Amino acid sequence: MNILIVDDEIAVTNSLKRELSDCCAELNIICVNGGYEALNQIMTRKIHLLLTDLAMPDMNGYELFSRAQEYDPKMPIIMMTGFGYDPNHIVVKSKQKGLTDVVFKPFNMEKLLALIKFKLGLK
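Residues in the sequence shown are numbered consecutively from 186, following the numbering used here.
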């Protein structure tokens, strides 16, 4: 199963990749650092789950969420944010379009791993 992690902070993607690889050997973890790179991955391979940051320089999480949903409406998407306050209402807009999962940084890794496993139907 392919998991796509999108965050402009390389330390975040590396940490998540390490945790997910240690947790679930059956996962293929793909890390990119921007929305356009993420869309390229979504269009060129099957992505089973998208884990994306909310605020990125090239494309915000709402735009990536919307475009990913257009391409694959059944792909589970989890949005990450370090903001307690959402000045551009990106989370609200995304939830209105069907986003169900938002995690706040710093997140509890065990809870995030459990959510990812649940979304993928893993035990």
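Yeah, the Cβ is synthetic: ideal placement off N, Cα and C, and Gly gets one too.
This one's a predicted model, so the numbers in the text were calculated from it and none came from an experiment.
- prompt: With respect to the beta strand (DSSP E) encompassing Phe-216, which residues constitute its N-terminal and C-terminal limits?
  reply: First, the amino acid is wrong: residue 216 is Cys here, not Phe. Under the DSSP assignment, Cys-216 falls in the beta strand (DSSP E) whose first and last residues are 213-217.
message = Among the candidates Asp-207, Gly-219 and Cys-208, whose CA atom is the shortest distance from the CA of Leu-189?
response = Nearest in C-alpha terms to Leu-189, of all of Asp-207, Gly-219 and Cys-208, is Gly-219.
Can you tell me the Cα-Cα spacing of Thr-229 and Glu-222, whole angstroms?
Cα to Cα, Thr-229 sits roughly 11 Å from Glu-222.
Inset, instruction - Look up Ile-262 in the DSSP assignment and give the residues it is bridged to. - result: BP columns for Ile-262 point to Leu-235.
Nearest residue (CA-CA) to Lys-202, options Leu-307, Gly-306 and Ile-301:
Here the closest residue by C-alpha is Ile-301.
With C-beta atoms as the reference, is Pro-261 less than 9 Å away from Leu-235?
Yes.
Can you find the residues in the same chain that come closer than 6 Å, C-beta to C-beta, to Cys-216, ignoring five residues on each side of it along the sequence? Once the five neighbours on either side are set aside, the close Cβ partners of Cys-216 are Ile-190, Thr-198 and Lys-202.
- request: With a 10 Å radius around its C-beta and 16 neighbouring C-beta atoms as the bar for buried, classify Met-294 as buried or exposed.
  value: Exposed, by the Cβ-count rule.
Using a threshold of 9 Å, state whether the C-beta atoms of Val-288 and Lys-296 are closer than that.
Result yes, Cβ atoms of Val-288 and Lys-296 sit closer than 9 Å.
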